[in-house]
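See structure below.
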Amino acid sequence: MKALMLEDKNMWREMKVQETDKPTPGPGEVLIRIKAAGLNPVDYKTATNGNPAWNYPHILGVDAAGIVEATGEGAAEFQQGDRVFFHGNFMKNGGFAEYAVTTAHSLARIPDELSFEEAAALPCAGMTAYQALFRKMNLQKGETILIHGGAGGVGGFAIQLAKQVGATIITTCSLENEEYVKSLGADHVIFYKTEDVHARIMELTDEVGVDAVLDTVSRVNATESLKSIAFNGRIAFIAGNPDYSAVKPFSQALSFHEIALGAAHFSNSIKALKDLATMNEELAKLVVDGKISAMISEKISLEEIPAGLEKLSERHVKGKIVAVI
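The sequence shown begins at 434 in the numbering used here and counts up by one.
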């Protein structure tokens, strides 16, 4: 098969398409002929530092969609020809290739009305937002949420999902992305480069603060956000935990939620892995029903993935980049 090969750590910009052996599904696994793969920051971030579990050359790509080619023992729930998509284990070879293997219990089915490209755009960013808002923070109608980085993949899905439950949405972005995040459902936009984010939040909430925060930026940004949260509020974070000591005991009574979607693959929890499939299928239904968009901003080829990852690393991508394999 053809695959985009990472020759060594921090060489993701130099990746080339090469011929390599097609994988074989083991017990409980499914072999998928890849039709589309979604690009995510985790792809270049893990590639930059490498991983002791990898054998080089390695194949990146945690999000992919395609057609079942073969099944291993104990994966009888899927048949050859089934349309499926998945969030894979980044410790193993991924979806930037013509074929990939993943576990059957984490595999989701693609509705007939959904394209392979739309399906591939959903898993990592969509499930991260979904898990943060609904599995962890239990966002409710009438609450106010601050979503950092609303123009990105996770932020964009979070805005759309928060709108579905009737929350009031405040998001941060650059000036040029204002209309884009508003089109996704943001009620208020804060330009983090030129405005005092905390002061604007307190102004917008009558000095009360927001009920929930989704931080997609950094540990420092998550810590800074704590002072903008209302009593009994909560924060979910994907780019580093806040400094918990910044909140005095018996003051705001906050709850903290780490989001580590990919860690489900090495958690030894079948329940967690099955929930990956459940969340993916729920996201797919929302797209089919016209309630959210897969936010595909660009479709590229397998050979163009390194350039796509470079764009992601510069943090100037709106929505999702998807490779058509």
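Note that beta-carbon positions come from the ideal geometry of N, C-alpha and C, so glycine has one too.
Three-state secondary structure assigned by DSSP to residue i
i, result
"T481", "helix"
"K525", "coil"
"F683", "coil"
"E747", "coil"
"F511", "coil"
"E576", "coil"
"A645", "strand"
"E691", "strand"
"Y613", "helix"
"V653", "helix"
"H520", "strand"
"Y677", "helix"
"A619", "coil"
"D666", "The amino acid occupying residue 666 in the given sequence is Gly; Asp does not appear at that position. Three-state DSSP puts G666 in a strand."
"A533", "strand"
"K569", "helix"
"V598", "coil"
"K626", "coil"
"T561", "helix"
"A541", "strand"
"A697", "helix"
"I671", "coil"
"I592", "helix"
"I758", "coil"
Distance CB(residue i)-CB(residue j) smaller than 8 angstroms
i, j, result
"A756", "A469", "yes"
"G575", "I592", "no"
"E462", "A509", "no"
"L687", "I668", "yes"
"W445", "L742", "yes"
"G586", "K753", "yes"
"A595", "L572", "yes"
"H690", "M570", "yes"
"G471", "A565", "no"
"T453", "A436", "yes"
"H581", "T649", "yes"
"F518", "S539", "no"
"I603", "I634", "yes"
"G505", "R466", "no"
"R516", "E714", "no"
"V643", "L659", "no"
"I703", "Q685", "no"
"Q512", "A503", "no"
"S746", "Y477", "yes"
"K442", "N482", "yes"
"A584", "Y613", "yes"
Proximal residues to residue i (C-beta, below 8 angstroms), its chain only, five neighbours per side dropped
i, result
"P456", "L464, N526, Y532, A533 and V534"
"V720", "L547, E551, L555, S726 and A727"
"S730", "V750, K751, G752, K753 and I754"
"V475", "V495, F523, C557 and G695"
"K615", "V622"
"P739", "L437, W445, R446, E447 and M448"
"I692", "T561, Q564, A565, K569, A669, F670 and I671"
"Q817", "What the structure shows of the chain is the stretch from 434 to 758, and residue 817 is not part of that stretch, so it cannot be assessed."
"N473", "V495, D496, C557, A558, G586 and L745"
"M434", "E452, T453, D454, K455, A530, E531 and Y532"
Contacting residues, own chain, Cβ-Cβ under 7 angstroms from residue i (five flanking each side not counted)
i, result
"G599", "K574 and G575"
"L637", "I603 and H621"
"N484", "M524"
"I733", "G741, I754 and A756"
"E736", "V450"
"N665", "A686"
Neighbourhood of residue i by C-beta distance below 6 angstroms, restricted to the same chain and skipping five residues each side
i, result
"Q451", "M438"
"A717", "P544 and L547"
"G521", "V495, G527 and T535"
"K744", "V750"
"G459", "G505"
"F549", "K468, A469 and A498"
"V641", "A663"
"A486", "M524"
"K707", "H538"
Residue-level contact to chain D via CB, residue i, 8 angstroms cutoff
i, result
"F518", "You won't find chain D in this structure, because it holds only one protein chain."
Should the region 629-642 be regarded as contacting the region 553-572, the criterion being three or more beta carbon pairs within less than 8 angstroms? As far as the Cβ criterion goes, the region 629-642 does not touch the region 553-572, which means the pair count is below three.
Below 8 angstroms, can you find three or more Cβ-Cβ pairs linking the region 670-690 to the region 594-614? no
Enumerated in chain order, which unbroken segments of the beta strand (DSSP E) with a length of 3 residues or greater are wholly contained in the region 434-504? 435-438, 449-452, 462-471 and 496-504
For the 8 angstroms Cβ check, are there 3 or more pairs between the region 482-496 and the region 516-531? yes
Go through the region 705-733 residue by residue and report every complete run of the alpha helix (DSSP H) that reaches 4 residues or more, in order. As far as the region 705-733 is concerned, it has no whole alpha helix (DSSP H) run of at least 4 residues.
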